[in-house]
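Protein chains in written order, with my numbering: chain S, 37 to 465; chain V, 3 to 276.
Rendered as structure tokens:
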């Protein structure tokens, strides 16, 4: 706990560097990644991330030192080269893009690991820490790293700010963008460059292996919460920043831990949470919504059964037992009792000594369901030419979904009929 | 075909010997036509006849064309802000995070230019266009919640927001309900009566005489182009729809398989205007 306060008081300037650095890196790659995500190019980001490794290693061999600026340049060159290769392979051969991505990714990464092993075996003293680029290490961010990465991160955010409209349009409707005369190829080139840059600086925190997650996962999580590109981009940045901050903390308290996996675990947790909890799109919301509908259908069926009984005995407000209800329609016991209690609570039923009576509102609601059922049966026989003995099951579902507006249209279309195909009376309120 | 020799003031679109190829295989052969301004024009032909390809070639969306295209007697880049293109509705992902207004505002991006944000006046134009297509009640609606007909109306509003003189529309009636079709054709009529030229890829032969002033009959090559009354007859329809010219497509396939160039090198410089 001590280290927690020590870390989050940000008293130590080193901690401030690390925190600021990781947040910058993860947030800016999440912002750029939002557009990679919208363009449905998630795998391209993965390929670039892996292709960056040989660049990092080669520039280390050539320069003989771990200068961040030189490493960034090397990473940028091979990252870019991988993208060009993917395009060329896909355009000039029978190989499709997904295969080209797979090929380029593994070849570049293989070469990278090969050179990295060579450097490690050579025993160059200054190479220590180069393997951080595999899984990332936020705590190693210091002084000059922060300046270089900070500048790049600012550039990324500024570029997205100024080209936001164009990036969005191209992701949505590229042909239209071309028809407007927007320089689509050049704008795409900028976005590609930004993606490579985001990867190049992001690997410092996350590492090449998991960098693709840092590009795509924040945007994918954010997409669950919003229907606006601008909000999605902001949210992605926040999600990225949260995971970056956590990664920095872990890296501080447990220096032997690789940061990348932790960052990815945090951002994936956010994504999973969004997947289940987000309003409208989340799994739980959908389940809740489904169960609400089911309960509604159940309750309407109870009212319908009571209405049918009333119709038969020409008395709607008679007290009836659950057995009476079960003669009209089969219910399972638990949903039946739950439904009866709910309807009582809502004022559609009254109860006395275990016997149930329709209230005025309950009778009207039951009557509407019956009316919709019979109207729909008539509609099916008249307009879809379905035999009268085949329309019941269909109407049993549709009666619960028709809105008052559709009800009106149906009545008008059928010219306010009085009986359904089975000669049962259609009740009007 | 009528050619106006004395100046091309009244010509909205001129195609000169336009050949378009996909993967070296020509899908449109030597199309040569002129369309006057202010007409509502239908492009007709069977599936795979090259109808969409024709307007994509005009908009510079498909490469590999020989011959040339002139719009208002200019090259496309000189008059882009007077031309509007409406792609097929299915060509975009409607699950994209955007509202109806966002999409219509995209019609203003050409006038805005790079880096600039839509201004208040752009929003007003967009809202006005939404009113024209009867979608003003859906301004803030997510596009993923729209029906097919509503999606088409949104695309149309986006085109209107471009305030162009010449409109190319790729199947605006595909998969829309009868009410939307009626509303759209009413709007197109209105536009052409105000002097705009509207060129529409169309499928339904039943409605041709009712909808269009002019028709282009297409099947890998131009069969006919002219006023509906003169051109839309049984004989020319038979020529358009009565089976493919198998020799023509066989030659096309041969060019694809042998990686044959589309034009000999010196011949491609025929365009005197470039």
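Every residue gets a Cβ at the ideal spot worked out from N, C-alpha and C, and that includes glycine.
Predicted model, so just to flag it, every value in this text is computed and none were measured.
Given residue i, which residues of its chain have a CB within under 7 Å of its CB, disregarding the five upstream and five downstream residues?
{"i": "residue 112 of chain V", "result": "82, 83, 164"}
{"i": "residue 110 of chain S", "result": "91, 92, 94, 95"}
{"i": "residue 415 of chain S", "result": "446, 450"}
{"i": "residue 214 of chain S", "result": "220"}
{"i": "residue 211 of chain V", "result": "230, 234"}
Checking contacts by CB at 8 Å: is residue i closer than that to chain V?
{"i": "residue 387 of chain S", "result": "no"}
{"i": "residue 237 of chain S", "result": "no"}
{"i": "residue 259 of chain S", "result": "yes"}
{"i": "residue 209 of chain S", "result": "yes"}
{"i": "residue 215 of chain S", "result": "yes"}
{"i": "residue 322 of chain S", "result": "no"}
{"i": "residue 274 of chain S", "result": "no"}
{"i": "residue 131 of chain S", "result": "no"}
{"i": "residue 201 of chain S", "result": "yes"}
{"i": "residue 367 of chain S", "result": "no"}
{"i": "residue 198 of chain S", "result": "yes"}
{"i": "residue 264 of chain S", "result": "yes"}
If you draw a straight line from the alpha carbon of residue i to that of residue j, how long is it in whole angstroms?
{"i": "residue 367 of chain S", "j": "residue 262 of chain S", "result": "40 Å"}
{"i": "residue 271 of chain V", "j": "residue 201 of chain V", "result": "Bear in mind that the predicted position of residue 271 of chain V carries a pLDDT of just 43, short of 50, making it too unreliable to give a figure here."}
{"i": "residue 58 of chain V", "j": "residue 46 of chain V", "result": "15 Å"}
{"i": "residue 185 of chain S", "j": "residue 176 of chain S", "result": "13 Å"}
{"i": "residue 259 of chain V", "j": "residue 251 of chain V", "result": "12 Å"}
{"i": "residue 362 of chain S", "j": "residue 442 of chain S", "result": "31 Å"}
{"i": "residue 237 of chain V", "j": "residue 94 of chain V", "result": "38 Å"}
{"i": "residue 116 of chain S", "j": "residue 126 of chain S", "result": "16 Å"}
{"i": "residue 103 of chain S", "j": "residue 97 of chain S", "result": "12 Å"}
{"i": "residue 6 of chain V", "j": "residue 228 of chain V", "result": "Caution is warranted here: a pLDDT of 46 is assigned to residue 6 of chain V, below 50, making its placement in the model unreliable, and the coordinate value is therefore given only provisionally. Using only the alpha carbons, I get a separation of about 14 Å."}
{"i": "residue 27 of chain V", "j": "residue 67 of chain S", "result": "42 Å"}
{"i": "residue 190 of chain V", "j": "residue 42 of chain V", "result": "7 Å"}
{"i": "residue 208 of chain V", "j": "residue 214 of chain V", "result": "11 Å"}
{"i": "residue 246 of chain S", "j": "residue 61 of chain S", "result": "14 Å"}
Closer than 8 Å by C-beta to residue i: which residues in its own chain qualify, once you throw out the five before and the five after it? Chain order, please.
{"i": "residue 355 of chain S", "result": "388, 391, 392, 393"}
Hey, does residue i have any beta-carbon neighbour from chain S nearer than 8 Å?
{"i": "residue 82 of chain V", "result": "yes"}
{"i": "residue 167 of chain V", "result": "no"}
{"i": "residue 124 of chain V", "result": "no"}
{"i": "residue 195 of chain V", "result": "no"}
{"i": "residue 24 of chain V", "result": "no"}
{"i": "residue 74 of chain V", "result": "no"}
{"i": "residue 116 of chain V", "result": "yes"}
{"i": "residue 98 of chain V", "result": "yes"}
{"i": "residue 137 of chain V", "result": "no"}
{"i": "residue 63 of chain V", "result": "yes"}
{"i": "residue 93 of chain V", "result": "yes"}
{"i": "residue 112 of chain V", "result": "yes"}
In its own chain, which residues sit with a C-beta less than 6 Å from the C-beta of residue i, not counting the 5 before and 5 after it?
{"i": "residue 284 of chain S", "result": "54, 55, 58, 174"}
{"i": "residue 334 of chain S", "result": "371, 375"}
{"i": "residue 411 of chain S", "result": "446"}
For residue i, is the classification buried or exposed, using 16 other Cβ atoms within 10 angstroms of its Cβ as the cut-off for buried?
{"i": "residue 86 of chain S", "result": "buried"}
{"i": "residue 320 of chain S", "result": "exposed"}
{"i": "residue 401 of chain S", "result": "buried"}
{"i": "residue 154 of chain S", "result": "exposed"}
{"i": "residue 291 of chain S", "result": "exposed"}
{"i": "residue 12 of chain V", "result": "exposed"}
{"i": "residue 277 of chain V", "result": "In the structure as shown, chain V begins at 3 and stops at 276. Residue 277 of chain V is therefore absent and cannot be evaluated."}
{"i": "residue 268 of chain V", "result": "In this prediction, residue 268 of chain V has a pLDDT of 46, which is less than 50 and means its spatial position is unreliable; what the coordinates show is noted afterwards. That one is exposed."}
{"i": "residue 267 of chain S", "result": "exposed"}
{"i": "residue 89 of chain S", "result": "buried"}
{"i": "residue 87 of chain V", "result": "buried"}
{"i": "residue 48 of chain S", "result": "exposed"}
{"i": "residue 172 of chain V", "result": "buried"}
{"i": "residue 439 of chain S", "result": "exposed"}
{"i": "residue 232 of chain S", "result": "buried"}
Is residue i close to the ligand COA? I mean its beta-carbon at under 7 Å from any heavy atom of the ligand.
{"i": "residue 382 of chain S", "result": "Among the components modelled here there is no ligand, and therefore nothing to report on the ligand COA."}
Does residue i have its Cβ less than 8 Å from a Cβ in chain A?
{"i": "residue 229 of chain S", "result": "Protein chains S and V are contained in the structure displayed, whereas chain A is not."}
### In chain order, each alpha helix (DSSP H) run of at least 4 residues that lies wholly inside the region 17–41 of chain V
none
### Task
Report the residue ranges of all alpha helix (DSSP H) runs contained in full by the region 199–255 of chain V; include only those spanning at least 4 residues, in chain order.
210–213, 230–233, 236–243
### Whole runs of the alpha helix (DSSP H) within the region 162–238 of chain S, excluding any shorter than 4 residues
168–171, 179–208, 210–215
### Query
Of all the alpha helix (DSSP H) runs that stay within the bounds of the region 57–139 of chain V, which reach a length of 4 or more residues?
78–81, 102–107, 111–114, 122–134
### Message
Report the start-end ranges of each alpha helix (DSSP H) in the region 368–433 of chain S that is 4 residues or longer and not cut off at the edges.
### Response
369–381, 396–419
### Task
Please specify which runs of the alpha helix (DSSP H), each continuous and at least 4 residues long, are wholly inside the region 261–328 of chain S, giving them in chain order.
265–289, 295–313
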